[in-house]
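Student: Let me begin by handing over the structure; questions about it come next.
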Amino acid sequence: MGACTRCGRKLKDRKSIDREFGPVCYKKYLKEQEQEEVGLAENQMEIDELEGENHENN
Ligand SMILES: [Zn+2]
798 MGACTRCGRK
808 LKDRKSIDRE
818 FGPVCYKKYL
828 KEQEQEEVGL
838 AENQMEIDEL
848 EGENHENN
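In the working numbering, the protein residues as written are 798 to 855.
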């Protein structure tokens, strides 16, 4: 009961138990979520640029 889902350490803090992450692992988890969103946005822009180049060639 009350273990970090990321590293498996026992959680003492009530907030950490609610999150099921230790404080450090929770920060890493949040950063990963942000990076995934940024990565998707960058991919979207690259696709738009490629489409623009195709229009110029036509
Ligand atoms: Zn952890």
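Glycine is no exception: its CB is placed at the ideal position from the N, C-alpha and C atoms. Small disclaimer: the values here were computed from a predicted structure and weren't measured.
(1) Please find out if some non-hydrogen atom of ligand 1 comes closer than 7 Å to the beta-carbon of Arg803.
(2) Hey, how far is the Cα of Ser864 from the Cα of Glu831?
(3) Quick check: what's the CA-CA separation for Leu837 versus Lys825?
(4) I need the DSSP call for Lys824, collapsed to helix, strand or coil.
Tutor: For this structure:
(1) In the sequence shown, residue 803 corresponds to position 6, counting from 1. Because some heavy atom of ligand 1 lies under 7 Å away, the Cβ of Arg803 counts as near it: yes.
(2) Any answer about residue 864 is impossible in this case: the structure gives the chain only from 798 up to 855.
(3) Working through the sequence shown from its first residue, we reach residue 837 at position 40. Working through the sequence shown from its first residue, we reach residue 825 at position 28. Their Cα atoms are separated by approximately 18 Å.
(4) Here residue 824 is taken as the residue at index 27 of the sequence shown, counted from 1. It is helical.
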